């Protein structure tokens, strides 16, 4: 990812589920809005809605209050979106319906953040042919770069490398954001930070999503590099300062 800030559609994906995609999406939203951009957030498929917990868009709205936010389809079971649609007997997400919805928002906003579900190759819905599509396919169809959210701990180097390789094979530009830097980092965290830095464009402290919205919005630019409308340029100082 280059130092120049990205605009238009950006896909936010992860190395796995529960790595912090939603809070990272909120942080990018907050930083971009602080820089004066009009931001829209699109969640193509929200699953696990049967329990009544806040949705990903609810979390982003609470933390960052984007100009526009929307979920295109929701499914009751906590499964991959295509599987959740099948189990519930609901219509799956059609790829070009999502592409059209994102492009419509891009015409009215400077930045459109599209948050996926789980990892890069999770089945999201179907193409007109009936074949499954993934977040990687969506990024290709949109011509959009990807923000890859990863963990700080053991295993992250392999998962992150696999995700970046899959993106590179599709000629999708990508940058990495650590979803949650621990309060008391261990040797493995410092070692992983060193290896991830060449691709990193951000890192959030653990618990960022529990901050009061005003504090979150003021803090967000300090967690991201200028590529994502932040001011972060010294990783070790950042990691030491938040302890």
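Numbering (this note's numbering), first residue to last: 24 to 266. We put the CB at the ideal spot given by N, CA and C, even for glycine. Model, not experiment: these values are computed from the prediction.
| query | result |
| --- | --- |
| Going along the chain, which unbroken runs of the alpha helix (DSSP H) with 4 or more residues stay wholly within the segment 133–180? | 158–165 |
| Pull up the DSSP beta-bridge partners for residue 33, would you. | 136 |
| From the DSSP output, which residues share a beta bridge with residue 91? | 63 |
| Who are the near neighbours of residue 115 in its chain, counting only those whose CB is closer than 6 angstroms to its CB and skipping five residues on each side? | 105, 108, 148 and 149 |
| Which residue marks the beginning of the alpha helix (DSSP H) containing residue 219, and which one marks its end? | 210–219 |
| If residue 64 sits next to residue 136, beta carbons under 8 angstroms apart, how far is it from one beta carbon to the other, in whole angstroms? | 5 angstroms |
| Applying the criterion that 16 or more other CB atoms from any shown protein chain within 10 Å of the CB defines a buried residue, is residue 45 buried or exposed? | buried |
| Ends of the alpha helix (DSSP H) at residue 237? | 236–242 |
| Can you tell me whether residue 188 is buried or exposed? The criterion is at least 16 other CB atoms within 10 Å of its CB, across all chains shown. | exposed |
| My understanding is that residue 316 touches residue 93, with C-beta atoms under 8 angstroms, so please give their C-beta distance in whole angstroms. | Missing from the structure shown is residue 316; the chain here goes from 24 to 266 and no further. |
| Could you check what DSSP says for residue 39 in three-state terms: helix, strand or coil? | coil |
| If you draw a straight line from the alpha carbon of residue 25 to that of residue 134, how long is it in whole angstroms? | Only weak support exists for where residue 25 lies, its pLDDT of 45 falling under 50; the coordinates are left without a value. |
| Quick check on DSSP: helix, strand or coil for residue 57? | helix |
| Within this structure, are the beta carbons of residue 27 and residue 243 separated by less than 8 angstroms? | no |
| So what's residue 207 in DSSP terms, helix, strand or just coil? | coil |
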